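Enquirer: With positions in the sequence shown counted from 1, the corresponding number in the numbering used here is that position plus 835.
Using N, Cα and C, we set each Cβ at its ideal position, and we do this for glycine too.
Keep in mind that this is a model prediction, so the values were computed, not measured.
Pasting a structure here, questions to come.
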Amino acid sequence: MSIMGLKKKQPKTFKVKVVTMDAEMEFSCEVKWKGKDLFDLVCRTVGLRETWFFGLRYIVKDTYAWLKMEKRVLDQEVPKEDPITFHFLAKFFPEKVEEELVQEITQHLFFLQVKKQILDEEIYCSPEACVLLASYAVQAKYGDYDPNFHKLGFLAQDELLPKRVLMQYQMTADMWEEKITAWYAEHRGIARDEAEMDYLKIAQDLEMYGVSYFSITQNKKDTELLLGVDAQGLHIYSPNNKLSPNKSFPWSGIRNISYSEKEFTIKPLDKKKEVFKFYSSQLRVNKLILQLCIGNHDLFMRRRKVDCIEVQQMKAQAREEKARKKMERQILAREKQLREEAERANEEMERRLFQLQDESRIANEARLRSEETADLLAEKAQIAEEEAKLLAHKAAEAEQEMQRLEVTALKTKEERRLMEQKMREAELLAVKLVEESERRSKESDHLKQDLSEAKDAERRAKQKLLEITKSTYPLIAAYNCHPLPLDGEDLNLDSGTVKIDFKDTDMKRLSMEIERERLEYVEKSKNLQDQLKELKTEIESLKLEEQQAGMFPLRGGEARAYPPLSNRNSSLMTQMAFLEEV
């Protein structure tokens, strides 16, 4: 085996990553491919036919360069990496976007690139223009504004304004969103491609639109300047002012552009004008400047010629496509309008249905409440009727009770009157008894005194008789001869003179009369004790009834109160106590 056979075979392909404004693609390229082969592959993949505006850009030594179409890819100063990264970007910008950009994909790529340049502040834009451009960007992304769907905060995740503008004013994100939404609501009915085209038509009037800037120095004074290359021509700027050029060379006024190493020469078409020379420090930058000048000049000359058949066909197809899309949009708008009207009618019908359902529900609830109220009222009426019956029954009972109480009161009144009469009679009887007792007591005292005197007289008489008998014993014989006198006669014994007047029958009669009166008094006292007991019983019953009844209600709401018996019976009780003692 030879040594050549041991050598590692070189790969026949290499990998490439192409980054567009909205996608990333990877390709496997052959080693022999030229820049045009890779560029055509990317254009076919994207669907781009207006290829003359675009190119593949790559980074080399802190600057950028564009892939050359006529040279092999690997023979250029591309990065030594796997995969090799290229950015598919617009290399040349049109003078009038509405006339030159035919395809919708071309418009979309330009829109995305210009938008990014404005947000990255590569293109200066005033705050008012930034807000207007942001509203078109929102219209292109979200379609027509819908207040029911696009609530406050729906743009929070979108980058729509440069940081310079956000920091220039002391406004919150919600305040910026309100300003953008106010413009956004005005773009209703604009399609996405139309919104992007309106965005580009505003952006193409900005001073820095489509301009590529390079640092240069002047020949004699060696002062630093900026060279701007765009679709209009070449412009010379001061380093601190990229908006207003100090000098401009339009493509129509340039006869020739040439460079030798670091020196550039711009020859005006008017030979009387001075040739302008400037210097660039890097050879790579000089080649890039020349490449951009040639490409922009070619497009400038191409715009002023009749379009080729391919461009004419593309424009015709684009017009037909726009007309078709316009018709479709009109039909869609009509259908959308009809659908919105139908939805509104449906919503109105649903609202009316809900309203009727609510009214029906409310009426049903009212009916149920009415039924419940009726049942409750019927139940209350029944209860009231029962209560009325019960009250009537109670009223009848109360009437009967009142009548009974009235009768009882009348009876009690009559009994009180009788009791008072009995009490008065008892009082009179007690007085009489007291008087009789006093009289009888006096008589008894007199009788006792008379009896005592009689007994004393009898005793004295007996004593005197005995004394006389003893002293006159000799007279007995004479006595026997002369008998004593009979009853009723006086016995006169008189030694001097003796007279005996003694009646034994009167004593007996007096004793019997005293005994008879005593028995009568005992009988009367017994009768009086019985009357007093009966009177006590009646008084106790009256007291008990007085405590139970208290006051007796009469008709008409009147009340008749009877005075307590204690005060009226106090004198009676005193008399009763006295009679008991007697």
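Touching or not, the stretch 937 to 953 and the stretch 898 to 906, by the rule of three or more beta carbon pairs under 8 Å?
Expert: As far as the Cβ criterion goes, the stretch 937 to 953 does not touch the stretch 898 to 906, which means the pair count is below three.
Enquirer: Work out the CA separation of Lys1171 and Tyr1048 for me, nearest whole Å.
Expert: As a working mapping, residue 1048 is identified with position 213 in the sequence shown. As a working mapping, residue 1171 is identified with position 336 in the sequence shown. Their backbone Cα atoms lie some 48 Å apart in a straight line.
Enquirer: How many angstroms separate the CA atom of Ile1374 from the CA atom of Glu1262?
Expert: Taking the first residue of the sequence shown as 1, we reach residue 1374 at position 539. Taking the first residue of the sequence shown as 1, we reach residue 1262 at position 427. If I take the Cα positions, the gap works out to 15 Å.
Enquirer: At what residue ranges does the stretch 996 to 1072 contain a whole run of the beta strand (DSSP E), taking only runs of 3 or more?
Expert: Runs found: 1047 to 1053, 1059 to 1064 and 1068 to 1072.
Enquirer: Measure the CB-CB distance between Lys1102 and Ser1115 and report whether it falls below 7 Å.
Expert: As a working mapping, residue 1102 is identified with position 267 in the sequence shown. As a working mapping, residue 1115 is identified with position 280 in the sequence shown. In this structure, Ser1115 does not lie closer than 7 Å to Lys1102 by Cβ.
Enquirer: Look up Ala1227 in the DSSP assignment and say whether it is helix, strand or coil.
Expert: As a working mapping, residue 1227 is identified with position 392 in the sequence shown. Correct three-state label for Ala1227: helix.
Enquirer: Could you round the C-beta distance between Val854 and Phe923 to whole angstroms and report it? I think they count as a contact, below 8 Å.
Expert: Along the sequence shown, read from residue 1 onward, the residue named residue 854 stands at position 19. Along the sequence shown, read from residue 1 onward, the residue named residue 923 stands at position 88. That pair is a contact at about 7 Å.
Enquirer: Under a Cβ-count criterion, where at least 16 other Cβ atoms within 10 Å of its own Cβ denotes burial, should Val937 be classed as buried or exposed?
Expert: Taking the first residue of the sequence shown as position 1, residue 937 is located at position 102. That one is buried.
Enquirer: Here's a check: name, in chain order, each residue in its chain whose Cβ is nearer than 6 Å to the Cβ of Leu1134, leaving out the five neighbours to either side.
Expert: On the sequence shown, position 299 is the one that residue 1134 refers to. So the qualifying residues of the chain are Phe927.
Enquirer: Please go through the stretch 854 to 887 and give each complete beta strand (DSSP E) segment of 3 or more residues, from N-terminal end onward.
Expert: Listed in chain order, they are 859 to 865.
Enquirer: What does the Cβ neighbour count give for Ile919, buried or exposed, with the cut at 16 atoms within 10 Å?
Expert: Counting from one through the sequence shown, the residue named residue 919 turns up at place 84. Classification for Ile919: buried.
Enquirer: Anyone know if the C-beta pair for Val932 and Gln1067 falls short of 7 Å?
Expert: The residue given as residue 932 occupies position 97 in the sequence shown. The residue given as residue 1067 occupies position 232 in the sequence shown. Taking 7 Å as the Cβ cut-off, Val932 and Gln1067 do not qualify as a contacting pair.
Enquirer: Going by beta carbon distance, what residues of the same chain come within less than 7 Å of Gln1053, once the five residues before and after it are set aside?
Expert: Counting from one through the sequence shown, the residue named residue 1053 turns up at place 218. Closer than 7 Å at Cβ, skipping near neighbours: Leu1060 and Phe1113.
Enquirer: Since I believe Val973 is in contact with Leu1001 (beta carbons under 8 Å), could you give me their beta-carbon distance rounded to a whole number of angstroms?
Expert: What you label residue 1001 is simply residue 166 of the sequence shown in a count that begins at 1. What you label residue 973 is simply residue 138 of the sequence shown in a count that begins at 1. Wrong, their Cβ atoms sit about 16 Å apart, outside the cutoff.
Enquirer: How about the stretch 972 to 986 and the stretch 1174 to 1191: do they share at least three Cβ pairs that are nearer than 8 Å?
Expert: Cβ pair count under 8 Å is below three, so no.
Enquirer: Are there 16 or more other CB atoms within 10 angstroms of the CB of Lys1224, so buried, or fewer, so exposed?
Expert: Along the sequence shown, read from residue 1 onward, the residue named residue 1224 stands at position 389. Result: exposed.
Enquirer: Where do the ends of the beta strand (DSSP E) carrying Ala925 lie?
Expert: For the purposes of this step, residue 925 is taken as residue 90 along the sequence shown, with counting starting at 1. Its beta strand (DSSP E) spans residues Ile919 to Ala925.
Enquirer: By Cβ distance below 6 Å, which residues in the same chain neighbour Asp1065 in space, the five residues on each side in sequence not counted?
Expert: Position 230 of the sequence shown holds residue 1065. Here the set comprises Gly1045 and Val1046.
Enquirer: Between Ala1158, Glu1241, Ala1265 and Lys1343, which has its C-alpha nearest Asn1362's C-alpha?
Expert: Counting from one through the sequence shown, the residue named residue 1362 turns up at place 527. Among Ala1158, Glu1241, Ala1265 and Lys1343, the Cα nearest to that of Asn1362 is on Ala1265.
Enquirer: Considering only C-alpha positions, which residue in the set Glu1145, Cys1143 and Tyr1094 is nearest to Lys1122?
Expert: Here the question's residue 1122 lines up with position 287 in the sequence shown. Comparing Cα-Cα distances from Lys1122 to each of Glu1145, Cys1143 and Tyr1094, the minimum goes to Tyr1094.
Enquirer: Are the stretch 956 to 973 and the stretch 1007 to 1022 touching by the rule of at least three beta carbon pairs closer than 8 Å?
Expert: A contact exists between the stretch 956 to 973 and the stretch 1007 to 1022.
Enquirer: For the alpha helix (DSSP H) holding Leu990, just list the boundary residues, first then last.
Expert: Numbered from 1 along the sequence shown, position 155 holds the residue referred to as residue 990. Here Leu990 belongs to no alpha helix (DSSP H), and DSSP marks it neither H nor E.
Enquirer: Following the continuous alpha helix (DSSP H) through Arg1139, name the residue where it begins and the one where it ends.
Expert: For the purposes of this step, residue 1139 is taken as the residue at position 304 of the sequence shown. Per DSSP, Arg1139 belongs to no alpha helix (DSSP H) and is neither H nor E.
Enquirer: Please list, in chain order, all residues of the same chain as Ala925 whose beta carbon is under 7 Å from its beta carbon, the five residues on each side excluded.
Expert: Numbered from its first residue, the sequence shown carries residue 925 at position 90. These residues qualify, in order along the chain: Phe888, Phe889, Leu944, Phe945 and Gln948.
Enquirer: What separation, rounded to the nearest whole angstrom, lies between the Cα atoms of Lys1297 and Met1347?
Expert: Residue 1297 sits at position 462 when you count from the first residue of the sequence shown. Residue 1347 sits at position 512 when you count from the first residue of the sequence shown. So the two alpha carbons sit approximately 23 Å from each other.
Enquirer: Tell me whether Phe945 sits in a helix, a strand or coil according to DSSP, three-state version.
Expert: Looking up residue 945 in the sequence shown gives position 110. Residue state, collapsed to three classes: helix.
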